[in-house]
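Chemist: Dumping the structure here so I can ask a few things about it.
2 protein chains.
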Amino acid sequence: MMNGLDRIRLFSLRDKVMSAQQAIELIKDGSVVGLSGFGGAGEAKTVPLALADHAVAHPLRITLATGASLGNSIDGRLSQAKAIQRRYPYQADPTLRKAINNGEVMYIDQHLSEMADNIRHHNLPAINVAVIAATAITEDGQIIPTGSCGNSANFVEMADQVIIEIDNTINPVLEGVHDIYLPKARPNRGPIPLTQAGDRIGTIGINVNPEKIAAIVINDLPDTQFGMDEPDTDTLSIAQHLIHFFENEVAQSRLPENLGPLQSGVGSIANAVFAGFEHSNFKNLEMYSEVLQDCTFQLIDSGKMTFASGCSMTLSEPCAQKVMQNFDQYKDKIVLRPQEISNNPEIIRRLGIIAINTALEFDIYGNVNSTHVTGTKMMNGIGGSGDFTRHAHIAIFVTKSIAKNGAISSVVPMVSHTDHTEHDVDVLVTEQGLADLRGLAPRERARKVIECCAHPDYREALLSYFERACTHGGQTPHLLHEALSWHAQFEETGSMKTA
Amino acid sequence: MMNGLDRIRLFSLRDKVMSAQQAIELIKDGSVVGLSGFGGAGEAKTVPLALADHAVAHPLRITLATGASLGNSIDGRLSQAKAIQRRYPYQADPTLRKAINNGEVMYIDQHLSEMADNIRHHNLPAINVAVIAATAITEDGQIIPTGSCGNSANFVEMADQVIIEIDNTINPVLEGVHDIYLPKARPNRGPIPLTQAGDRIGTIGINVNPEKIAAIVINDLPDTQFGMDEPDTDTLSIAQHLIHFFENEVAQSRLPENLGPLQSGVGSIANAVFAGFEHSNFKNLEMYSEVLQDCTFQLIDSGKMTFASGCSMTLSEPCAQKVMQNFDQYKDKIVLRPQEISNNPEIIRRLGIIAINTALEFDIYGNVNSTHVTGTKMMNGIGGSGDFTRHAHIAIFVTKSIAKNGAISSVVPMVSHTDHTEHDVDVLVTEQGLADLRGLAPRERARKVIECCAHPDYREALLSYFERACTHGGQTPHLLHEALSWHAQFEETGSMKTA
Chain A
30 MMNGLDRIRL FSLRDKVMSA QQAIELIKDG SVVGLSGFGG AGEAKTVPLA
80 LADHAVAHPL RITLATGASL GNSIDGRLSQ AKAIQRRYPY QADPTLRKAI
130 NNGEVMYIDQ HLSEMADNIR HHNLPAINVA VIAATAITED GQIIPTGSCG
180 NSANFVEMAD QVIIEIDNTI NPVLEGVHDI YLPKARPNRG PIPLTQAGDR
230 IGTIGINVNP EKIAAIVIND LPDTQFGMDE PDTDTLSIAQ HLIHFFENEV
280 AQSRLPENLG PLQSGVGSIA NAVFAGFEHS NFKNLEMYSE VLQDCTFQLI
330 DSGKMTFASG CSMTLSEPCA QKVMQNFDQY KDKIVLRPQE ISNNPEIIRR
380 LGIIAINTAL EFDIYGNVNS THVTGTKMMN GIGGSGDFTR HAHIAIFVTK
430 SIAKNGAISS VVPMVSHTDH TEHDVDVLVT EQGLADLRGL APRERARKVI
480 ECCAHPDYRE ALLSYFERAC THGGQTPHLL HEALSWHAQF EETGSMKTA
Chain B
30 MMNGLDRIRL FSLRDKVMSA QQAIELIKDG SVVGLSGFGG AGEAKTVPLA
80 LADHAVAHPL RITLATGASL GNSIDGRLSQ AKAIQRRYPY QADPTLRKAI
130 NNGEVMYIDQ HLSEMADNIR HHNLPAINVA VIAATAITED GQIIPTGSCG
180 NSANFVEMAD QVIIEIDNTI NPVLEGVHDI YLPKARPNRG PIPLTQAGDR
230 IGTIGINVNP EKIAAIVIND LPDTQFGMDE PDTDTLSIAQ HLIHFFENEV
280 AQSRLPENLG PLQSGVGSIA NAVFAGFEHS NFKNLEMYSE VLQDCTFQLI
330 DSGKMTFASG CSMTLSEPCA QKVMQNFDQY KDKIVLRPQE ISNNPEIIRR
380 LGIIAINTAL EFDIYGNVNS THVTGTKMMN GIGGSGDFTR HAHIAIFVTK
430 SIAKNGAISS VVPMVSHTDH TEHDVDVLVT EQGLADLRGL APRERARKVI
480 ECCAHPDYRE ALLSYFERAC THGGQTPHLL HEALSWHAQF EETGSMKTA
């Protein structure tokens, strides 16, 4: 039997197996394609890469919708082949980023929780073809996702045609970790019946009308393995400030002993912060987050964390190997959900999540830029940071106080682009310290942010800006001529520092 | 019997009646006071005004929390007496506004749906004294609110002591219109069981531990009556653009025939837009909003609207008289809810609300400033616009394209303050036209906003800015030296126009 065919346990579907080259004929110039994949995990690979190869010789342009970022340079290779006309809701690929910033690809940067409803209720065009990675197809025809849920179930529900990629590289032990629940279309929508991070409310696989399955392709390319920077002095300081803050909140009876469910953004700083819990006195920690990284499993291994709900698992190779070999130990401690549920405002507010995300820069009043370098160039996208920040019990942003060897201050007079407004930002942390902004008016926030978070090299200039702005008055004092001058100077001279 | 005493139907409470001068002794320097009132309706009046008088001779400073804005110049008189140290979550008083912008009052401008949870879960200090206007106290001790629910039930639940103001001026017929439901404290919180705008999920009054009732005061001051500008040519054009948009959405099967529940911001433009429905072919309209204005009752009277859920009723005098005299006709068509429910993200996303709010200005990419004049001076506050905009099915902002006889363009290169980011803004409307931004990338949004919404006097300058910015590249092209120059020039010369 062809390798992978045994994973198609509903025999009648085995006839639909074909090559990727055959399957991509379903994708036309102008098609809206919904691709599985979130946080560089769980994407279909063989089909989109075949499409990229094909497009080099046979130009076509598609709208590409995903869960979030893709691994295996899929965005990059499609973009290099000029096959992407429109892209949403998130990406993190250097080649595609360049095309976006050149204006060659129309990129609609969206809150990850909202895209499915936007398609379901016609704010975005319908999906023509869904391409979904699968660990297996069950006897009753359910598609078992791989390393992420993303928007896969939504795409399958909404697409005219579905291509399934059976992913031979995925350990079949993953079957059972997913919890697929989709809200009904309005006006018949009820509450989402999830009241604890660990609740299971759906099915282990994606239900699909078998008639919509137009092709099944066997994939042998593994998910990309991501590296993770080791914590450095600065990220360790950030983690320590946060742990100290949490300890004090518990001591003051403002937070429960296990803090309540935690969310963490992706990346090295977030990973370092979570590693900080390892050496803390906290117990019975829970996550209700999107991407589960290595640190989640380290905290489970050390007995610090009892449960983690996510949308994807993005693990380093050694961690992935260990987790997969011993997955039975984790199966009652992990659940993967569609992003419409993992990032859902209803749930985030109900559970009272503590959200920890990384800022590109923030200003003295606590507005945060997560996406645009000097206000214009897209880095990755807002991702889930808005979903969590807006609805969190405590919304925290972390960043190093300076970048590029001090040429950039991450604390600025005015952010050059606003992704999260001061209304939604409770706590800011750099290696310099932590600013607890809850219950403070803008003028109070400014003094605290400058004092606690700014790098000493920039503190005086920020304070000077703020005090001069105050002489002009206002709830949020600013000097309009000067507000963005730090960024403008950086563009011209390569540094925000004055001579 | 003293006028109003008959409204205290739990006899044992009648002993607690006292003068406002006696009651205010419960409020100390540094107290955190929670006052009823939302949208200039339903505030306690006698007690806070007595406090303002008292504070003139006996200085004291309080933290004042409310539902939203207050009538009867309460904010103004307290502020004039320098009795307000901190204020949240919203205000709309000219005297207080001045004190805020001078930095004399620390104003924490908050999403209206979030304040209760912020107090309940210790992001804001506990309420010492709640002062709550009541239509009556029932036989079993429930407090029946007056013209608004606001945060009253939350304040009663959370305060150490409660002062009730029996409001003699309120028609007792209001009893039964309120639906009081409060989410439980975490971690025991379940879904809010509301699935239709008209659902009743709570009680008609606020339950209170009688031991917390420290004073009952009788009030004879009526709620402020607000005037409403008649629609003018511009607001009528805005309404027409919107009605046309809605008609087309229904024709394209993107919206249901009754559009789904509608939310509207406060003020003359919003009122004109809703008056536009009067002459449309729409039927069976529903509102799920915060402030119910005259237009709501006009649409009910004309048979266009079947139900309206709000947090307050802010009516002109003739409308209030008519509604109150015939309230039995409206009682099954109106419900007033706590702002934690009327503005709740969970409900707003579940119901798929169309949100229509007024912008102070917006930029070519669709970021919206609702609060800060030239980025610094607070006008009123974000109010509920963020609660609705972020979670709406379609989020719409309306404004006239120019202000101050053309000296100000409401469409600018970059907003001077961001309350709503482009991620959350779907449609922009001025008298010039409507820009449907759904599914568009920033560069596409810019061309559409300039073409459809900008005033002809500013269109060329905006296009020139955008095109020059594009030569520098980026997802969101900007010229950092110039981005805020329109505002800076307005501050210097009194006009955004170039000579």
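Keeping their order, the protein sequence lines are chains A and B. If you're matching positions, the first sequence starts at 30 in this note's numbering and goes up one per residue. If you're matching positions, the second sequence starts at 30 in this note's numbering and goes up one per residue. Even for Gly, the Cβ is constructed at its ideal location relative to N, Cα and C. In this text, all values refer to a predicted model and were calculated from it rather than measured experimentally.
#1: Which residues mark the beginning and the end of the beta strand (DSSP E) in which B:Leu265 is found?
#2: Under 8 angstroms: do the segment 402-420 of chain A and the segment 121-139 of chain A share three or more Cβ pairs, one atom per stretch?
#3: Just mark A:Asn310 as buried or exposed, buried being the case when its beta carbon has 16 or more other beta carbons within 10 Å.
#4: Alpha carbon to alpha carbon, what distance is there between B:Leu107 and B:Leu80?
#5: Indicate the three-state DSSP secondary structure (helix, strand or coil) for B:Ala464 in the structure shown.
#6: Using alpha carbons as the reference points, say which of A:Val85, A:Val202 and A:Leu314 lies closest to A:Lys351.
#7: Shortest alpha-carbon distance to A:Glu460 belongs to which of A:Pro260, A:Lys111, A:Glu133 and A:His452?
#8: I'd like to know if A:Gly132 contacts chain B, where contact means its C-beta is closer than 7 angstroms to some C-beta of that chain.
#9: To the nearest angstrom, how far is it from the Cα of A:Glu319 to the Cα of B:Glu133?
#10: Give the range of the alpha helix (DSSP H) segment to which B:Ala81 is assigned.
#11: Which word fits A:Gln504, buried or exposed, when buried means at least 16 other C-beta atoms lie within 10 angstroms of its C-beta?
#12: In this structure, does DSSP put B:Val206 in helix, strand or coil?
#13: Counting along the chain, where does the alpha helix (DSSP H) carrying B:Arg116 start and finish?
#14: Please classify B:Asn398: does DSSP put it in a helix, a strand, or coil?
#15: Taking the alpha-carbon of B:Thr491 as reference, which of B:His501, B:His516, B:Thr500 and B:Arg476 has the nearest alpha-carbon?
#16: How should B:Ala436 be labelled, buried or exposed, when 16 other C-beta atoms within 10 angstroms of its C-beta is the threshold for buried?
#17: By alpha-carbon positions, which one of A:Gln120, A:His83, A:Arg90 and A:Ile137 ends up nearest to A:Asn101?
#18: Mind checking A:Gln354: buried by the 16 CB within 10 Å criterion, or exposed?
#19: With C-beta atoms as the reference, is B:Ile370 less than 7 angstroms away from B:Tyr210?
#20: Who are the neighbours of B:Pro154 on chain A, taking C-beta pairs under 8 angstroms?
#21: Any beta carbon from chain B within less than 7 angstroms of A:Gln504's own beta carbon?
#22: Under the assumption that B:Asn248 contacts B:Ala162 (Cβ atoms under 8 angstroms), give the Cβ distance between them as a whole number of angstroms.
#23: Leaving out five residues before and five after B:His150 in sequence, what residues of the same chain have Cβ atoms less than 8 angstroms from its Cβ?
#24: Using CA atoms only, rank isn't needed, just tell me which of A:Lys526, A:Gly71 and A:Asp448 is closest to A:Thr253.
#25: Report the residue from B:Ala244, B:Leu42 and B:Leu141 whose alpha carbon sits nearest the alpha carbon of B:Gln50.
#26: Could you tell me the alpha carbon to alpha carbon distance between B:Glu473 and A:Gln190, rounded to whole angstroms?
#27: Any C-beta of chain A sitting closer than 7 angstroms to the C-beta of B:Thr335?
#28: Of the choices B:Pro212, B:Gln358, B:Gly96 and B:Lys429, whose alpha-carbon is the least far from that of B:Thr175?
#29: Does A:Pro220 come within less than 7 angstroms of chain B when only Cβ atoms are used?
#30: Distance check for B:Ile329 and B:Glu276, CA to CA, integer angstroms please.
#31: From B:Asp104 to B:Pro239, what distance separates their C-alpha atoms?
#32: Applying the 10 Å Cβ sphere with the 16-neighbour rule, what's the burial state of B:His308?
#33: Over the uninterrupted beta strand (DSSP E) stretch that includes A:Ser338, give me the two end residues.
#34: Out of B:Val295, B:Gly412 and B:Met443, state which residue places its alpha-carbon closest to the alpha-carbon of B:Val397.
#35: Of the choices B:Cys324, B:Asp455, B:Glu278 and B:Asp58, whose alpha-carbon is the least far from that of A:Ile137?
#36: With A:Ile385 and A:Gln292 assumed to form a contact (beta carbons below 8 angstroms), what rounded beta-carbon distance in angstroms separates them?
Modeler: Taking the coordinates as given:
#1: By 1-based counting over the second sequence, the position of residue 265 of chain B is 236. Note, B:Leu265: premise wrong, no beta strand (DSSP E); alpha helix (DSSP H) at Thr262 to Ala280.
#2: yes
#3: As a first step, residue 310 of chain A is located in the first sequence; it is residue number 281 there, counting from the start. It is exposed - the Cβ of A:Asn310 has fewer than 16 other Cβ atoms within 10 Å.
#4: Your numbering for residue 80 of chain B matches position 51 in the second sequence. Your numbering for residue 107 of chain B matches position 78 in the second sequence. Using only the alpha carbons, I get a separation of about 8 angstroms.
#5: For the purposes of this step, residue 464 of chain B is taken as residue 435 along the second sequence, with counting starting at 1. Note: B:Ala464 maps to strand in three-state DSSP.
#6: Taking the first residue of the first sequence as position 1, residue 351 of chain A is located at position 322. Selected option, being the one with the closest Cα: A:Val202.
#7: The residue given as residue 460 of chain A occupies position 431 in the first sequence. For the residues A:Pro260, A:Lys111, A:Glu133 and A:His452, the minimum Cα distance to A:Glu460 belongs to A:Pro260.
#8: On the first sequence, position 103 is the one that residue 132 of chain A refers to. So, interface residue.
#9: Stepping through the first sequence from its first residue, residue 319 of chain A is reached at position 290. Stepping through the second sequence from its first residue, residue 133 of chain B is reached at position 104. Going by the C-alpha atoms only, they are around 42 angstroms apart.
#10: Start at 1 with the first residue of the second sequence, and residue 81 of chain B comes out as number 52. First-last of the alpha helix (DSSP H) with B:Ala81: Thr75 to Ala86.
#11: For the purposes of this step, residue 504 of chain A is taken as the residue at position 475 of the first sequence. Per the 10 Å Cβ criterion, buried.
#12: For the purposes of this step, residue 206 of chain B is identified with residue 177 of the second sequence, where counting begins at 1. Note: B:Val206 maps to coil in three-state DSSP.
#13: Residue 116 of chain B sits at position 87 when you count from the first residue of the second sequence. Looking at the DSSP string, B:Arg116 is not in any alpha helix (DSSP H); the run it does join, the beta strand (DSSP E), is Ile113 to Tyr117.
#14: Translated into the one-based positions of the second sequence, residue 398 of chain B becomes position 369. The answer is strand: DSSP assigns B:Asn398 an E or B state.
#15: Sequence index remark: in the second sequence, residue 491 of chain B carries index 462 (1-based). Before going on, a small fix: residue 491 of chain B reads as Leu here, not Thr. Cα-wise, what sits closest to B:Leu491 is B:Arg476.
#16: Along the second sequence, one-based indexing puts residue 436 of chain B at 407. Per the 10 Å Cβ criterion, exposed.
#17: In the first sequence, the residue the question calls residue 101 of chain A occupies position 72. Checked all of A:Gln120, A:His83, A:Arg90 and A:Ile137; the closest Cα to A:Asn101 is A:Gln120.
#18: For this step, residue 354 of chain A is matched to residue 325 along the first sequence. When all chains shown are included, A:Gln354 counts as exposed.
#19: Here residue 370 of chain B corresponds to residue number 341 of the second sequence, with the count starting at 1. Here residue 210 of chain B corresponds to residue number 181 of the second sequence, with the count starting at 1. Result yes, Cβ atoms of B:Ile370 and B:Tyr210 sit closer than 7 angstroms.
#20: Locating residue 154 of chain B in the second sequence gives position 125, where the first residue counts as 1. Simply Gly468.
#21: As a position in the first sequence, residue 504 of chain A is number 475, starting the count at 1. With 7 angstroms as the cut-off, A:Gln504 counts as an interface residue toward chain B.
#22: Your numbering for residue 248 of chain B matches position 219 in the second sequence. Your numbering for residue 162 of chain B matches position 133 in the second sequence. About 7 angstroms; that satisfies the 8 angstroms criterion.
#23: Your numbering for residue 150 of chain B matches position 121 in the second sequence. Here the set comprises Ala214 and Arg215.
#24: Against the first sequence, residue 253 of chain A aligns to sequence position 224. Closest option to A:Thr253, Cα to Cα, is A:Gly71.
#25: Locating residue 50 of chain B in the second sequence gives position 21, counting from the first residue. With distances taken between Cα atoms, B:Gln50 lies closest to B:Ala244.
#26: Locating residue 473 of chain B in the second sequence gives position 444, counting from the first residue. Locating residue 190 of chain A in the first sequence gives position 161, counting from the first residue. Taking the straight line from one Cα to the other gives about 29 angstroms.
#27: Within the second sequence, residue 335 of chain B is the residue found at index 306, counting from 1. No - not a single Cβ of chain A is within 7 angstroms of the one on B:Thr335.
#28: Position 146 of the second sequence, counting from 1, holds the residue named residue 175 of chain B. Of the listed residues, the one whose Cα sits closest to B:Thr175 is B:Gly96.
#29: Stepping through the first sequence from its first residue, residue 220 of chain A is reached at position 191. Interface residue, yes.
#30: On the second sequence, residue 276 of chain B is found 247 positions in, with the first residue counted as 1. On the second sequence, residue 329 of chain B is found 300 positions in, with the first residue counted as 1. Cα-Cα distance, rounded: 20 angstroms.
#31: The residue you call residue 104 of chain B lines up with position 75 of the second sequence. The residue you call residue 239 of chain B lines up with position 210 of the second sequence. Each residue's Cα considered, the two are about 29 angstroms apart.
#32: As a first step, residue 308 of chain B is located in the second sequence; it is residue number 279 there, counting from the start. Looking at its Cβ environment, which holds fewer than 16 other Cβ atoms inside 10 Å, B:His308 is exposed.
#33: Numbered from its first residue, the first sequence carries residue 338 of chain A at position 309. Element bounds for A:Ser338: Met334 to Gly339.
#34: Counted from its first residue, the second sequence places residue 397 of chain B at position 368. For B:Val397, the nearest C-alpha among the options comes from B:Met443.
#35: Numbered from its first residue, the first sequence carries residue 137 of chain A at position 108. The shortest Cα separation from A:Ile137 among B:Cys324, B:Asp455, B:Glu278 and B:Asp58 belongs to B:Asp455.
#36: Your numbering for residue 385 of chain A matches position 356 in the first sequence. Your numbering for residue 292 of chain A matches position 263 in the first sequence. About 7 angstroms; that satisfies the 8 angstroms criterion.
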